[in-house]
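In what follows, a single structure is set out as structure tokens and then discussed.
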Amino acid sequence: MVNFALMTNHTKSTLPTILVVNDDGVTAPGIKTLMHVMKQIGRVVVVAPDSPQSGMGHAITIGKPLRLDKVDLYDGIEIYSCSGTPVDCVKLAVTKIFKGKKPDLCVSGINHGLNNSINVLYSGTMSAAVEGAIESIPSIGFSLDDYSLQANFEHCEKFIKEIALRVLHNGLPIGTLLNVNFPNTHDIKGIKICRQANAKWAEEFDERMDPYKRPYYWLTGVFQNNDHGEDTDVWALEHNYASVVPVQFDMTAHHAIPLLNTWNFNVE
Numbered sequence: 006m007v008n009f010a011l012m013t014n015h016t017k018s019t020l021p022t023i024l025v026v027n028d029d030g031v032t033a034p035g036i037k038t039l040m041h042v043m044k045q046i047g048r049v050v051v052v053a054p055d056s057p058q059s060g061m062g063h064a065i066t067i068g069k070p071l072r073l074d075k076v077d078l079y080d081g082i083e084i085y086s087c088s089g090t091p092v093d094c095v096k097l098a099v100t101k102i103f104k105g106k107k108p109d110l111c112v113s114g115i116n117h118g119l120n121n122s123i124n125v126l127y128s129g130t131m132s133a134a135v136e137g138a139i140e141s142i143p144s145i146g147f148s149l150d151d152y153s154l155q156a157n158f159e160h161c162e163k164f165i166k167e168i169a170l171r172v173l174h175n176g177l178p179i180g181t182l183l184n185v186n187f188p189n190t191h192d193i194k195g196i197k198i199c200r201q202a203n204a205k206w207a208e209e210f211d212e213r214m215d216p217y218k219r220p221y222y223w224l225t226g227v228f229q230n231n232d233h234g235e236d237t238d239v240w241a242l243e244h245n246y247a248s249v250v251p252v253q254f255d256m257t258a259h260h261a262i263p264l265l266n267t268w269n270f271n272v273e
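So, in structure tokens, the structure goes:
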């Protein structure tokens, strides 16, 4: 049964505390923009990887120690560099920096590159936001359709601020977070609430030889959209809308439970 209770930690009489994380690294331009926007809303604490962690998904570090170093990068913002994954960053922030007192909001990004459709499963950006939601923190992941380190995020700022303010004001259903993607245009038409498109990567591995004649591989592929609905994140982005998809970390296929209950497991 879906729990429609709202997840919100914010006391409206005080400025909210906002945890900012990402997967592109603590010095990435996207997180700098996100810090700037969140600083207009509340007190900002940044915990981000010390190096790029794209495609890490929900990986955590085990078997080796983690480092968490306070760094002085931008005036007026408390920033920590973490040697671990994006999910490690959230876990350390909650337990060691906030010491169990949850922030009012967790925002992740702004990712250099889209995290729409199936990409949400592989994304370190979104996994950091998922971890925030697991910790019962209202959480949002933000991504832009531009992989360049010279990407311009200015046209996203007003949308990011408005979405963050709505989440702080309204809360989110328990176990739910938002996946927000922006098209690479300065003429964003507006915001569309969407579902995740049925699309995937048709992957290939480009095989090459090193100087010792041993093969090595580069992952390549083509993005294939098999979903032509006009209510998907792919459609919204192709038509210059910011897509907002509510996602959840409960991966149970609830619709399949009645079918499996008809199976006869002959185990004595």
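In terms of the working numbering, the sequence shown opens at residue 6 and continues consecutively. Don't be surprised by glycine CBs; every beta carbon is placed ideally from N, CA and C.
Asked                                                                                                                                                 : Found
Is it buried or exposed for SER56, if we count other Cβ within 10 angstroms and need 16 for buried?                                                   : exposed
Using only CA atoms, which one of GLU83, VAL252, SER148 and GLN253 lies nearest to TYR246?                                                            : SER148
Quick one: residues in its chain with C-beta nearer than 7 Å to the C-beta of LEU170, no 5 flanking neighbours on either side, listed in chain order? : ILE46
Take ASN175 as the anchor and find which of LEU110, VAL42, THR32 and ARG48 has the nearest alpha-carbon.                                              : LEU110
When you compare the CB positions of ILE145 and ILE168, do they come within less than 9 Å of one another, or not?                                     : yes
With C-beta atoms as the reference, is ILE102 less than 9 Å away from VAL52?                                                                          : yes
In chain order, what residues of the same chain lie with their CB nearer than 7 Å to the CB of LEU264, ignoring the 5 residues before and after it?   : none
Does the beta-carbon distance from HIS160 to GLY35 come in below 9 Å?                                                                                 : no
Assign ASP215 to buried or exposed, taking buried as 16 or more other Cβ atoms, counted over all protein chains shown, within 10 Å of its Cβ.         : exposed
Thinking just about the alpha-carbon of each residue, which of LYS104, ILE82 and ILE67 is nearest to the one in GLY89?                                : ILE67
Tell me whether PHE228 sits in a helix, a strand or coil according to DSSP, three-state version.                                                      : strand
Helix, strand or coil for LYS166, going by three-state DSSP, please let me know.                                                                      : helix
Whose CA, out of LEU183, ASN120 and ASP150, lies closest to the CA of GLY137?                                                                         : LEU183
Report the residue from LYS69, HIS41 and GLY105 whose alpha carbon sits nearest the alpha carbon of ASP80.                                            : HIS41
State the Cα-Cα distance for the pair LYS104 and VAL26, rounded to the nearest angstrom.                                                              : 17 Å
Can you say whether TYR221 is buried or exposed, counting buried as having 16 or more other CB atoms within 10 angstroms of its CB?                   : exposed
Let's see if you can read the secondary structure: which residues bound the beta strand (DSSP E) around GLU140?                                       : It is not in any beta strand (DSSP E) - GLU140 carries neither H nor E in the DSSP assignment.
Please tell me whether, using a cut-off of 8 Å, the distance from the CB of ALA53 to the nearest non-hydrogen atom of the ligand NAP is below it.     : As far as ligands go, the structure on display features none, and thus does not contain the ligand NAP.
Taking the alpha-carbon positions, what's the LYS107 to ILE142 distance?                                                                              : 7 Å
What residue range does the beta strand (DSSP E) around LEU73 cover?                                                                                  : 73–76
Suppose you measure from the CA of THR130 to the CA of ASP211; what does that come to, to the nearest Å?                                              : 26 Å
What does a CB cutoff of less than 7 Å around LYS205 pick up in its chain, not counting 5 residues either side in sequence?                           : ILE123 and GLN229
Run through the region 227–260 for me and flag every whole alpha helix (DSSP H) of 4 or more residues, listed as ranges in chain order.               : 238–243
How many Å lie between HIS259 and GLY180 at the Cα?                                                                                                   : 15 Å
Compare the C-alpha of GLU140 against each of LYS163, VAL227, LEU126 and VAL92 and name the closest.                                                  : VAL92
To the nearest angstrom, report how far apart LEU39 and ARG200 are at their CA atoms.                                                                 : 24 Å
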